[in-house]
Amino acid sequence: MHEGRVQQVGSPTEIYEDPKTPFVAGFVGSANVLHGVVER
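When you read off a place in the sequence shown, starting at 1, and then add 3, the result is the number in my numbering.
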């Protein structure tokens with residue numbers, strides 16, 4: 004939960020291997036979050 008909202012539901016393996024939000028990724032230790040801008 005983050006700010007009173009459930010961020011993701013799934014098995015521990017699903018959440019670790021495919022976090023759906025940056026918060027979940029940071030919470031479970033998956034720190035490889037890339038930020039970028041798509042340019043044409």
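A virtual CB, placed ideally from N, CA and C, is assigned to each residue, including glycine. All values reported here derive from a predicted model rather than from experimental measurement.
Pro15 versus Val36: straight-line alpha-carbon distance, rounded
When only Cα atoms are considered, Pro15 and Val36 end up about 19 Å apart.
Going by C-alpha to C-alpha distance, which of His38, Val31, Gly32, Val27 sits closest to Glu6?
Glu6 has its Cα closest to that of Val27, out of His38, Val31, Gly32, Val27.
Roughly how far, in whole angstroms, is the beta-carbon of Met4 from the beta-carbon of Gln11, given that I think they are within contact range, below 8 Å?
The C-beta distance from Met4 to Gln11 rounds to 10 Å, too long to fall under 8 Å, and the pair is not in contact.
Buried or exposed for Pro25, going by 16 or more other Cβ atoms inside 10 Å?
That one is exposed.
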